[in-house]
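Input: a single structure, listed below in structure tokens.
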Amino acid sequence: HEAGVPIYTSSPGDSSIGMNVAERALAGHAVRFDPSIDVNESAAIVLAAKRAGGRSAVVIMGGGSPKNFLLQTEPQIQEVLGIEESGHDYFIQFTDARPDTGGLSGATPSEAVSWGKVDPDALPDTVVCYL
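Following this line, the structure appears as structure tokens:
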């Protein structure tokens, strides 16, 4: 917060943040939590960078919901908002998940291309490190 760097939680109810917010609600405190702000703001960061002549990169440690939250910025821009875009320019993932199990954590960069999450021209330069 002090450095002005946004921090997002992809699944607020499935986290210690969600548990603490729920406790505050039980205690009678007004809870103001709107995940749609996080979705739109993260997409706006990506779009602003690209419109300013920059590129977007995703560096993922692990997988699951946080992985999807980061990658979904491009489908939000392209499919939901209807803005022509080509996907993230760089993709690096560190994971212990295998692609053959069918879960998102092990999904390959080529699968992300099929959803518009990664630029197909960037696919040869993607990196996945299995730990």
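Under this note's numbering, the first residue of the sequence shown carries the number 1, and numbering increases by one thereafter.
Every residue, glycine too, gets a C-beta built ideally from N, C-alpha and C.
Just so we're clear, the structure is a prediction, and the values are computed from it rather than from any experiment.
Checklist entry - Given that a residue counts as buried once 16 or more other Cβ atoms are within 10 Å of its Cβ, and exposed if not, what is Thr101? => result exposed
Checklist entry - How big is the Cα-Cα spacing for Ser15 and Glu84? => result 34 Å
Item to check | Closest by C-alpha distance to Ser105, when choosing among Pro35, His88, Ser65 and Val80 | outcome: Ser65
Item to check | Burial state of His29 (16 or more Cβ within 10 Å) | outcome: exposed
Checklist entry - Roughly how many whole angstroms lie between the Cα atoms of Ser56 and Ala122? => result 11 Å
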